[in-house]
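Residue numbering for the sequence shown is -22 to -1, 1 to 185, as defined by mature numbering (1 follows the signal peptide of the UniProt record, and there is no 0).
We put the beta carbon where it would ideally sit given N, CA and C, even for glycine.
All figures in this text were calculated on a predicted structure; none of them were measured in a lab.
The structure appears right after this line, and notes come after that.
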Amino acid sequence: MKKVLSVFLLSLFIFSSMLAFAESSPKVSDLTPWKGLNLDMGNIYNNKYADKLYEAVSKHKKGYSPEMVKEFYIKNYTTDIKSLEVLDGNNILINESYKISYNYIGKLETNWGDYDIEWFIFTTEDPKAEEINVKTLLLVPYHQHGNGLKHFHARFGNTSFAYLSTDKYLNNWWPTFYDPSVTNIERIIDDMLKNARMSASMLPDIK
C-alpha cells in the first residue's frame, strides 16, 4: 500500500528522515487550514545566515559552488509570490497588494514515485489573479517533521490544475511557504546544516 505523503521534495527540510509525513489529512472545505500570514522560502534562503548552508552542501557535491546550491534552492522552492496571507475561508492577500477571493473545487490525489500526494484545489475568476498568474491555486496542508520547519507547498498558474499537479516539467517545482510566527530562521538553517551531506546527495549531477 502506498503511503500518503505530506510532501517535500529532496531533502531541504530533512532532519531525521528523508520525507515528512502528515499524521492525517485535514478536512478541507475552504482556505481555513492555511489562515494567517505565510511567507515564501526565499525569506530564509536569501538570509545571510544561510550562506554557511550553501557552503556546507557544496563541499559534498562535485561541481557545485555555494552559489550554484543557492540557485537550485531558489529556482525550485521559491517564487515571485513572497507572501500569502489567508484572511478567511475564501480570501487571500497576495504580496500585500492583491486581495483575491477563491472557491474550493476539491481534492486531487496524484503520486510522486512511491508516494501519494494530496493537492487541494482553489480557483478564481478575479482578473487580478490572471495578472499575477494565480487563477488556479493548489495547496498541500501545513506539516512538519519533528521539530523541523512548519511549512506547506503550493503551485499556481493561469493553467489547469491537472497540468500544475501532474506535468513532468514541474516535477522539481515545489514552492514552499512557512508560518513566520513560529519560525526561528537561524535554528531552521542550523537544522538543515546537520543534513548537508544528505542534501548534497539529492542535487542533480553536473553533466
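What does the Cβ neighbour count give for residue i, buried or exposed, with the cut at 16 atoms within 10 Å?
i       : result
Glu108  : exposed
Phe(-2) : Because Phe(-2) sits at a pLDDT of 36, beneath the cut-off of 50, its placement in the model cannot be relied upon, and the following sentence gives the value as read from the coordinates. Exposed, because fewer than 16 other Cβ atoms sit within 10 Å of the Cβ of Phe(-2).
Measure the CB-CB distance between residue i and residue j and report whether it falls below 8 Å.
i      : j      : result
Thr114 : Phe139 : yes
Ile83  : Thr102 : no
Tyr23  : Thr57  : no
Leu62  : Ile52  : no
Tyr141 : Lys106 : no
Tyr32  : Val47  : yes
Ile99  : Ile72  : no
Tyr80  : Asn68  : yes
Gly14  : Val64  : yes
When the Cα of residue i is compared with those of the options, which residue comes out closest?
i      : options                       : result
Leu181 : Phe50, Asp18 and Ala28        : Phe50
His121 : Glu33, Gly41, Ile95 and Pro44 : Ile95
Asn125 : Gly135, Asp104 and Ile163     : Ile163
Pro4   : Leu117, Val112 and Asn25      : Leu117
Could you please give me the residues that DSSP links to residue i through a beta bridge?
i      : result
Phe155 : Asp18 and Phe130
Tyr82  : Phe100
His38  : His38 is not bridged to any residue.
Tyr76  : Ile72
Below 8 Å, how does it come out for the stretch 166 to 176 and the stretch 141 to 149: are there three or more Cβ pairs, yes or no? no
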